[in-house]
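If you want it as structure tokens, here you go:
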């Protein structure tokens, strides 16, 4: 049930007073549902890392001219790219929901005389700002504004 | 009454090279906590089992152990919430002194390092005449309003059970990390209206064992038996440490 943790985790400040066994941790620590969510949250970084290469490639294609840009657009219609973008969307939504749920309690109780609004209000504001920015971006990309 | 197999981690520093497991058949009563089962083993089956406990009412914080891989206060956890086989281990991430007893020295040092006491730049002189006559019962030397108390009261409820250290993935990998309970305690004093030691503590929070090692897994708050919410304290402490750093950058001599 156990595996070694870092050998110096919570090591005594004055070592050698008594012989101890090295610290352990559950061998299945990664399978607990809460930890699994946390690991997935961190693992979404890999998806952002990969899509950053795609974005750089698209900017380079744009610089190379219209034919190059059209070739990239054609490639993006491939089911693999569509699946990758769906994965990105799911990752972003997952990260946002987890981050928004934890954000309110991380706020300082007061900065000088200024007190932040209650947690549920901050929570709701985050969603409003997120949806608002998404709507504006969609409108820009659809050519509705600008 | 139901027979359960209780698997206890054993380690005798004089005999064992590494921790080993030992099984006990225990007739568990319906109202038993996990601690009752361990005490039964100690009293009736094997007096050599070593474990810590004291109050039996989730106040002293002594009986924290891993129950089926999760940090729990064994006096607060019903044995019948588990199946026929219950695995009891010493708290994860701590060196094991003997059986279910872990070494607290590293924890106590981290605790002490955040200066968990009220720091005053200059003590206020008491007014003995006013105190004797009780002329100003509210405006005492260190008076504090209910609102001021509310900003940190939650963080002062910690019972030092160390479950948060056993649950924290950062503690398991970064030995320097101050850890949830110590940071929560330091933050509790930083939030105290009577305290003037925020600068000193924020420097500690930014130094070795920095609060910024916390990746907000939130596990500490999930396992906390007193709803202290150490993850909130740690992440509020990050804000405090950054604001303090920015203030020092803009006003290096505190604006003097």
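Chains as they are written, first to last, in the numbering used here: chain A, 1 to 146; chain B, 1001 to 1256.
Note that CB positions come from ideal geometry on N, CA and C, so glycine has one too.
Quantities reported herein were computed from a predicted structural model and do not represent experimental measurements.
Item	Value
Any chain D beta carbon closer than 7 Å to residue 1181/B	In summary, chain D is missing from the structure at hand, where the protein chains are A and B.
Ordered list of alpha helix (DSSP H) runs contained in the region 1024 to 1059 of chain B, each at least 4 residues	1034 to 1040
Helix, strand or coil at residue 126/A [DSSP, three-state]	helix
Rounded straight-line distance, which links the Cα of residue 61/A to that of residue 12/A	58 Å
Chain-ordered neighbours of residue 1089/B on chain A, where CB pairs are closer than 9 Å	1, 2, 24 and 26
Which of helix, strand or coil DSSP assigns to residue 1002/B	strand
Length of the line joining the Cα atoms of residue 1020/B and residue 1011/B	6 Å
Selection from 1118/B, 1048/B, 1072/B and 1009/B that minimises the alpha carbon distance to residue 1201/B	1118/B
Beta-bridge pairing of residue 20/A - partner residues as DSSP gives them	In DSSP, residue 20/A forms no bridge with anything.
Residue 1102/B to residue 41/A span [Cα, whole Å]	32 Å
Straight-line gap, residue 1093/B to residue 36/A (C-alpha atoms, nearest Å)	19 Å
Residue from 2/A, 112/A and 34/A whose Cα sits closest to the Cα of residue 28/A	2/A
heavy atom of the ligand PLP below 6 Å from residue 113/A C-beta	Among the components of this structure there are no ligands whatsoever, and the ligand PLP is therefore not found.
Start-end ranges of the beta strand (DSSP E) lying completely within the region 10 to 61 of chain A, minimum 3 residues	24 to 26
Between the CA atoms of residue 92/A and residue 1110/B - distance to the nearest angstrom	37 Å
CA nearest to the CA of residue 20/A, picked from 1033/B, 1058/B, 1099/B and 1216/B	1099/B
Same chain, Cβ closer than 7 Å to residue 1215/B, five either side skipped, listed in chain order	1170
Identified DSSP bridge partners for residue 980/B	Limits of chain B in this structure are 1001 at one end and 1256 at the other, which puts residue 980/B out of reach.
Alpha helix (DSSP H) segment containing residue 66/A, residue limits	66 to 76
Residue range of the unbroken beta strand (DSSP E) whose run includes residue 1105/B	Looking at the DSSP string, residue 1105/B is not in any beta strand (DSSP E); the run it does join, the alpha helix (DSSP H), is 1105 to 1113.
Environment of residue 991/B [buried if 16+ CB atoms lie within 10 Å]	Within the shown structure, residues of chain B are numbered from 1001 to 1256, placing residue 991/B beyond reach of any answer.
Neighbouring residues, chain A, relative to residue 1065/B (Cβ below 9 Å)	Within 9 Å Cβ-Cβ: nothing; residue 1065/B doesn't reach chain A, min ~12 Å.
Where residue 1098/B sits in the DSSP three-state scheme	strand
Through-space distance from residue 1066/B to residue 1014/B, alpha-carbon basis	23 Å
Inter-residue spacing [alpha-carbon to alpha-carbon] between residue 47/A and residue 1022/B	45 Å
At least 3 beta-carbon pairs within less than 8 Å: the region 126 to 142 of chain A vs the region 1068 to 1075 of chain B	no
Cβ neighbour criterion (16 or more within 10 Å) applied to residue 1062/B	buried
Minimum length 4: unbroken alpha helix (DSSP H) runs contained in the region 1163 to 1240 of chain B	1163 to 1167, 1169 to 1173, 1180 to 1190, 1198 to 1206 and 1219 to 1223
Against chain B: residues of the region 76 to 108 of chain A by CB proximity under 8 Å	102, 105, 106, 107 and 108
Residue 97/A, enclosing alpha helix (DSSP H) - first and last residue	79 to 102
7 Å CB neighbourhood of residue 1219/B in its chain, flanking five on each side removed	1167, 1168 and 1169
Paired residues, beta bridge with residue 1085/B - DSSP	1005/B
Rounded distance between the beta-carbons of residue 1206/B and residue 1150/B, thought under 8 Å	Not quite, the Cβ-Cβ distance comes to about 27 Å (not below 8 Å), so this is no contact.
Local Cβ density within 10 Å of residue 137/A, reported as buried at 16 or more and exposed below that	exposed
Contact with chain B by residue 12/A, beta-carbon distance below 7 Å	yes
Short CB-CB distance (under 7 Å) between residue 1151/B and chain A	yes
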